[in-house]
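Chains as they are written, first to last, in the working numbering: chain S, 1290 to 1797; chain A, 13 to 171. Think of the CB as a built atom: it goes at the ideal place given N, C-alpha and C, for glycine as much as any other residue.
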């Protein structure tokens, strides 16, 4: 059932079940999230998995499960034929792609439709129009949406260098089919262009199966502000306000919040209207996000994410709705469960991405065992995760371990709640960015809402962590030498005890 | 001996070499002499200070009166110092897919020279030689999935 905004009509409670069974073509927290929405709608779920995920949470939460293949994404979660076979075999009527993997692949969406199934996402035509960054830029320009100076798809580094000369350095190389900042490269000097172009194109090929690269003027100190929209097949489009996602590393978001502390009420209203106009012009259906950079009171269109996003929970919390349930109903041909007037934001929500990565080692990934994995429960706190204690974060997929989301009456309340939650969160076994988030929640510029995508370069947060780490290291070295002198049998005995194989659970 | 010790969820790779009256302790870019005495609690003299470590359970200790949780994740007894004339194994410090092997047996390599490229969570990471050395043996092949701690190559430090 939907949590309804005050004054919303009772339409949504009278709806028939949208589907009998839906296949979730993803893994991790987002697969669990979609399965939860399906459960709430009384729809059966089909999980798919690769070998390394055989025992994963999303597999156990689903009504049915299908093995896809080995752990490499190309032989499992990215394999269109295997996914369609799984849907056919289990009698699924629709596919929800989550985010990442095939979620923005218009050919797959078309193949799903051609197989007689519903695609829980935008129409393939809209995905083609807006999913590619280059066509989306062109389309945005046509409708008067402001964009930064840039190019179309570039042939090679030489052509890129010529274009950059015209636009003026620094420029940003981007994968046309990209997402999540993968393959993005800032180029500050002409002599860096050839090698950076090659690198961007090669990463784009391996990550998205499309090496097409273009470039844009690099905006030096923007905020990242985006608008959540959702449309149905009956011409209705609404927005669920903006999210600010300025705190990023390697062009990937770490913290997201709604509303943005930067926008005035007037800007907020105009931004929402601009986004809805744009989505309507594109005949956009289902959920999507329009991403913009914002600097000195000006917006620059960045891209459309024609899918559900990682950070959708902050909008859900502020608007008191379930966006994934709405996606599923819209895909079944229903009208949107709310009108724009019924969508009234309340309070402030912030999401922290807990990743298996080491902030002290340039945020390098740290896949491994979650020997301890404990979160508190408290009012206003939401944890979305695909892992549990004793699970292993595999090296084959992304590093997201959990999303910690707090809602408060104000931004300050939400921050306080998050800080209290993280103080009671315990993760052991593999390194995560938990300490980073704890420090961030006490950082003065973050507290003031003084954010930009350069936040991590400008604020000495990582240096503070490094100093704390040095203290902890000395302590570890002293403890190691104490343990080596044999209390409780010495290091060898402790190691043996600490690494005994887990007890087998009795099978029924 | 080598130990990967986790303290309050933070992981440290510590090398301990027995010496006169104590240990030479190394971790990352820090090194000092530690002189433990007593059994439990243990007094440890290090960096001009005396610390008291009391082990209270398999995972709990008091460090100068403060509770800490610890876990011995990896333990390798024996000598771990790279010594001229003795080959040592270089191991992977993260899990991932080995996309490139950049050396072969017999190669002379410099400290910091990338020997392997390991792809983990869609990112490519270069694994560099810990010292000037001669590659005795490469223990892995391109395309293999490598678990953290797996031996990659045997290196004999250059004299």
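{"Asked": "What does residue 1821 of chain S touch in chain A if you count any residue whose Cβ is under 7 Å from its own?", "Found": "No answer is possible for residue 1821 of chain S: it lies beyond the span of chain S, which begins at 1290 and ends at 1797."}
{"Asked": "From what residue to what residue does the beta strand (DSSP E) around residue 1338 of chain S run?", "Found": "1333-1339"}
{"Asked": "Just the chain A side, please: which residues come within less than 8 Å of residue 1787 of chain S by C-beta, in chain order?", "Found": "70, 71, 83, 84, 85"}
{"Asked": "Let me check understanding here. Comparing Cα to Cα, which of S:1644, S:1659, S:1658 lies closest to residue 1652 of chain S?", "Found": "S:1644"}
{"Asked": "Listed in chain order, which residues of the segment 1756-1775 of chain S have Cβ atoms closer than 8 Å to some Cβ of chain A?", "Found": "1758, 1759, 1761, 1762, 1763, 1764, 1765, 1766, 1767, 1768, 1769, 1770, 1771, 1772, 1773, 1774, 1775"}
{"Asked": "For residue 1659 of chain S versus residue 1680 of chain S, is the C-beta distance shorter than 8 Å?", "Found": "yes"}
{"Asked": "For residue 1523 of chain S, name the three-state secondary structure that DSSP assigns.", "Found": "coil"}
{"Asked": "In the DSSP assignment, find the beta strand (DSSP E) that holds residue 1357 of chain S and state where it starts and stops.", "Found": "1353-1358"}
{"Asked": "Listing by chain order, which chain S residues have their CB less than 7 Å from the CB of residue 89 of chain A?", "Found": "1781"}
{"Asked": "Any Cβ of chain A within less than 8 Å of the Cβ of residue 1684 of chain S?", "Found": "yes"}
{"Asked": "Check whether the Cβ of residue 142 of chain A lies closer than 8 Å to any Cβ atom in chain S.", "Found": "no"}
{"Asked": "Can you tell which of S:1432, S:1393, S:1711 has the C-alpha that lies nearest to the C-alpha of residue 1415 of chain S?", "Found": "S:1393"}
{"Asked": "Our contact map puts residue 1578 of chain S next to residue 1516 of chain S with C-beta atoms below 8 Å; I'd like the distance itself, whole angstroms only.", "Found": "7 Å"}
{"Asked": "Consult DSSP for residue 1583 of chain S and reduce its assignment to one of helix, strand or coil.", "Found": "strand"}
{"Asked": "Find the residues of chain A that neighbour residue 1350 of chain S, judging by a C-beta separation of less than 9 Å, and give them in chain order.", "Found": "Neighbours of residue 1350 of chain S on chain A: none; closest Cβ ~23 Å, over 9 Å."}
{"Asked": "Once DSSP output is grouped into helix, strand and coil, what is the label at residue 1482 of chain S?", "Found": "helix"}
{"Asked": "Taking only beta carbons into account, state which residues of the segment 1697-1727 of chain S come closer than 9 Å to chain A, listed in chain order.", "Found": "1715, 1716, 1717, 1718, 1719, 1720, 1721, 1723, 1724"}
{"Asked": "Just by C-beta distance, which residues in the segment 47-59 of chain A are closer than 9 Å to chain S?", "Found": "47, 48, 49, 50, 51, 52, 53, 54, 55, 56, 58, 59"}
{"Asked": "At what residue ranges does the segment 1688-1727 of chain S contain a whole run of the beta strand (DSSP E), taking only runs of 3 or more?", "Found": "1689-1697, 1715-1717"}
{"Asked": "Find the residues of chain B that neighbour residue 1386 of chain S, judging by a C-beta separation of less than 7 Å, and give them in chain order.", "Found": "Note that chain B does not occur in the displayed structure, where the protein chains are S and A."}
{"Asked": "Could you tell me the distance, in whole angstroms, from the CA atom of residue 141 of chain A to the CA atom of residue 1654 of chain S?", "Found": "20 Å"}
{"Asked": "From residue 1748 of chain S to residue 1433 of chain S, what distance separates their C-alpha atoms?", "Found": "35 Å"}
{"Asked": "Select from the segment 1493-1524 of chain S all residues with a C-beta closer than 7 Å to any C-beta belonging to chain A, and list them in chain order.", "Found": "1496"}
{"Asked": "What residues are listed by DSSP as bridge partners for residue 1321 of chain S?", "Found": "Its beta-bridge partners do not exist; DSSP assigns none."}
{"Asked": "Which residues, in order along the segment 1649-1661 of chain S, keep a beta-carbon less than 8 Å from a beta-carbon of chain A?", "Found": "1653, 1654, 1655, 1656, 1657, 1660, 1661"}
{"Asked": "Where does residue 92 of chain A sit, in a helix, a strand or coil, going by DSSP?", "Found": "Unreliable placement is indicated for residue 92 of chain A, whose pLDDT of 47 sits below 50; the coordinate value is still reported in the next sentence. Of the three classes helix, strand and coil, the one that applies to residue 92 of chain A here is coil, per DSSP."}
{"Asked": "Mind checking who residue 1517 of chain S pairs with in its DSSP beta bridge?", "Found": "S:1578"}
{"Asked": "Any contact of the segment 110-120 of chain A with the segment 133-151 of chain A, i.e. 3+ C-beta pairs under 8 Å?", "Found": "yes"}
{"Asked": "Interface residues of chain S around residue 75 of chain A at Cβ under 9 Å?", "Found": "1764, 1767, 1768, 1771"}
{"Asked": "Residue 1546 of chain S by DSSP, collapsed to three states: which one?", "Found": "strand"}
{"Asked": "Drop a sphere of 10 angstroms on the beta-carbon of residue 1481 of chain S, count the other beta-carbons inside from all chains shown, and report buried for 16 or more, exposed for fewer.", "Found": "buried"}
{"Asked": "For a cutoff of 8 Å on Cβ pairs, would you count residue 1777 of chain S as touching chain A?", "Found": "yes"}
{"Asked": "DSSP state of residue 52 of chain A, grouped into three classes?", "Found": "coil"}
{"Asked": "Does DSSP put residue 1569 of chain S in a helix, in a strand, or in coil?", "Found": "helix"}
{"Asked": "Applying the criterion that 16 or more other CB atoms from any shown protein chain within 10 Å of the CB defines a buried residue, is residue 76 of chain A buried or exposed?", "Found": "exposed"}
{"Asked": "From the DSSP output, in three-state form, read off residue 1599 of chain S for me.", "Found": "coil"}
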